[in-house]
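Let me begin by presenting the structure, written as structure tokens, before commenting on it.
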Amino acid sequence: MLTNDELLLAQQRLGRKLNITEIAIFDAMWSEHCSYKTTKPHLSSLYTRNDSVLCGPGENAGVLDFGDDDKIAFKIESHNHPSYIEPYQGAATGAGGIIRDIFTMGFRPIALANELFFGNPTDGQNKRIINGVNDGLSDYGNCVGIPTVSSKTTFADCYSHNPLVNAMCVGWTNGPVFTNIPATLGDVYYVGAKTGRDGIGGAVMASQTFEDSGNLRPTVQVGDPYLEKLLIEASLELFATGKVIAAQDMGAAGLTSSTTEIALRGGMGMHLDLTSVPLRETMEPWEILLSESQERMLFVLDKEAGTDVLDIFRKWDLDCQKIGELVEGDSFVVRWQGNTYCNIPLSALEPPKLYRPYEEYRIVNSLIEVPTYDYDYVFTRRQYDTEVQGNTVMGIHNQFGIIKLPTSNKGVAIMTSSNPYHCHTSVEDGVRDCLTSMLRVFEEDNITPMAITNCLNFGNPENIDVMTDLVHSISAMNDFACYHDVPVVSGNVSLYNETSGKSILPTPVFGMVGLVKDVYEL
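In our numbering, the protein residues as written are -8 to 513.
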């Protein structure tokens, strides 16, 4: 929720009081989940570029040049809080969201991976969470037709009632890369599923500890993998028309974040008419703006796009509606049924940066014992399809996965790593160990490490010990990236992973992709 100081700052920027819709917009966009207001000052120092990087942080995913027009996009993200509240849908929509990050850029998703963290699996509540998360991830990936090539699980008591679900997706194209930065003005189109009340307030919920949260079930989205499959094919067909100026999936904060981010990235204004948004139920303007209903996308299209675009989505039985336009200037105007509900300068939405206190030197903690739970059933439940699409060279029972690229003998190696127990003792050593171990495994198999992604899962950053761990993990990651020329090209931060005052272990999770020059020579 907006603090009193933040509400005052927003009013000062506008020179007036905010109405209900505007308060909801600022509340979502200044949440930790959307704004990164705690971590931006530290993440800005990361090594993110070399000659192989085509797109780095700030885009929906990192993009690498794999040679001969082959390009790889990849990213890892968390869906932690929703996976505690509604484990099945929380995990499923986590997979759906990271998949959209990939095809939003014009890439076909070719592989999934995940890192999971649970409490004692013999506890009844934890068993419910474990079963729901495993089923949600496997069902969604299998139904949408993307192989899961890696899945790893860690157990510790601190993840009881605060599981971590980190999902990674990798995509491929040999065509152009599409970004969320518009180069010209254009018309704004809503495509995909209809909008409902599911997921309203999800971004704000993900920026709170659980004891603050109350009944959060309505804030969890509901996914439909079959609809996502249709959306993938329709979107890739649209990209091929050459009429797309910019694209963005509707993730956290829904229409609010997707529209304002595109406009801000392009230095333009955004005018919307919510009257045209396809709805499943009667909703207020602020609800339409903040809904996080799944399987939805936003496209900025050439004004000459015409009916061809509508025909593509009609063929795939998906909604497609023009809901606004990019304009000259800086204004964010939202209208609904003939009335104006928001009229603010987009520059006013720039979130404040928080410089939370932390210690320059971190005290090394004592070792904690790794528990030996009886968790065999956790792994026997998994039903991941690792072979769908027919390009899997190495799958889920190995240290890493390898997917052959569709039009050549080259492959992409995919690996994730984490070690919260080591990070608890020394977060710098834990981060270096995770990254170095992946590097070593790749090099032993003659795989060229290309770049890394990360998901930084930590507790409440208002706690100086948590903030200290977070800052030092970023520093250690940067040291590794610089020294080995393996840039950090995408990532995600998940904070406030704390229940009733009990924080998780510091849990940075890393994903690495590597170039396999010839999968038949492994």
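Yeah, the Cβ is synthetic: ideal placement off N, Cα and C, and Gly gets one too. Note that the coordinates shown come from a computational prediction; the quantities given were computed from them, not determined experimentally.
(1) Does DSSP put G391 in a helix, a strand or coil?
(2) For V169, name the three-state secondary structure that DSSP assigns.
(3) Using C-beta distances below 8 Å, list every residue in its chain close to G260, excluding the 5 sequence neighbours before and after it, in chain order.
(4) Closest to P292 by CA distance: which of G214, N171, E419 and V124 is it?
(5) In the structure shown, what three-state DSSP assignment does S204 receive?
(6) What does the alpha-carbon distance come out to for the pair N125 and N111?
(7) Y106 lies in the beta strand (DSSP E); which residues open and close that run?
(8) Suppose you measure from the CA of E106 to the CA of T427; what does that come to, to the nearest Å?
(9) Within a Cβ cutoff of 7 Å, which residues of the same chain sit near T251, ignoring the five residues on either side of it in sequence?
(10) Can you tell me whether DSSP reads R431 as helix, strand or coil?
(11) Once you ignore the five residues that flank S417 on each side, which residues in its own chain have a CB closer than 8 Å to its CB?
(12) Can you tell me which of the three DSSP states N51 falls into?
(13) Under 6 Å Cβ to Cβ from P411, same chain only, skipping five residues before and after it: list those, please.
(14) Suppose contacts are defined by Cβ-Cβ distances below 8 Å. Is I191 in contact with L263 by that definition?
(15) Run through the segment 125 to 179 for me and flag every whole alpha helix (DSSP H) of 4 or more residues, listed as ranges in chain order.
(16) So if DSSP puts G214 in a beta bridge, which residue, or which two residues, is it bridged to?
(17) The beta strand (DSSP E) spanning V484 covers which residue range?
(18) So what's G187 in DSSP terms, helix, strand or just coil?
(19) Could you tell me if S249 is buried or exposed, where buried requires 16 or more neighbouring beta carbons within 10 angstroms of its beta carbon?
(20) For V403, write down the residues that DSSP places opposite it in a beta bridge.
(21) With 16 other CB atoms within 10 Å as the buried threshold, where does D240 fall?
(22) Here's a check: name, in chain order, each residue in its chain whose Cβ is nearer than 7 Å to the Cβ of W307, leaving out the five neighbours to either side.
(23) If you drop the 5 nearest sequence neighbours on each side, which residues of the same chain put their C-beta closer than 6 Å to that of G88?
(24) Of the residues I438, D114, N153 and I63, which one's Cα is nearest the Cα of L486?
(25) Pick helix, strand or coil for Y27, following the three-state DSSP scheme.
(26) So does the segment 30 to 47 actually touch the segment 469 to 487, counting three or more Cβ pairs closer than 8 Å?
(27) What span of residues does the beta strand (DSSP E) with Y75 cover, start to end?
(28) By the 10 Å Cβ neighbour count, where 16 or more other Cβ atoms means buried, how is I11 classified, buried or exposed?
(29) Is E319 helix, strand or coil when you go by DSSP?
(30) May I have a chain-ordered list of the beta strand (DSSP E) segments no shorter than 3 residues that lie completely inside the segment 422 to 478?
(31) Could you give the C-beta distance for A102 and I137, rounded to a whole number, given that I count them as a contact under 8 Å?
(32) Grouping DSSP H, G and I as helix and E and B as strand, with all else coil, what is Y332?
(33) Can you tell me which of the three DSSP states G492 falls into?
(34) I want to know whether the segment 167 to 183 touches the segment 282 to 290 - three or more CB-CB distances under 8 Å.
Per the coordinate set shown:
(1) Residue 391 is actually Phe in this sequence, not Gly. F391 falls in the coil class under three-state DSSP.
(2) Note on residue identity: the sequence assigns Phe, not Val, to residue 169. Coil.
(3) A254, L317, V318, E319, G320, D321, S322, F323, V324 and L337
(4) The amino acid at residue 292 is misidentified as Pro; the sequence shows Leu. The residue with the shortest Cα to Cα distance from L292 is N171.
(5) Confidence is the limiting factor: at S204 the pLDDT is only 49, short of 50, which leaves the residue's position unreliable, though a coordinate-based value still follows. Looking at S204 - three-state DSSP - the assignment turns out to be coil, as it is neither helix nor strand.
(6) 15 Å
(7) A small correction: the amino acid at residue 106 is Glu; Tyr does not occupy that position in the sequence shown. Element bounds for E106: R99 to F109.
(8) 18 Å
(9) M20, M261, F323, L337 and L340
(10) helix
(11) R353, V355 and N356
(12) coil
(13) L496 and T498
(14) no
(15) none
(16) In the DSSP output, where bridge partners are listed per residue, G214 has none listed.
(17) V479 to S485
(18) coil
(19) buried
(20) I394 and L506
(21) buried
(22) L221, E224 and A225
(23) G242
(24) N153
(25) coil
(26) yes
(27) From DSSP, Y75 is part of no beta strand (DSSP E) but of the alpha helix (DSSP H) over N71 to I76.
(28) exposed
(29) coil
(30) 439 to 448
(31) 7 Å
(32) strand
(33) coil
(34) yes
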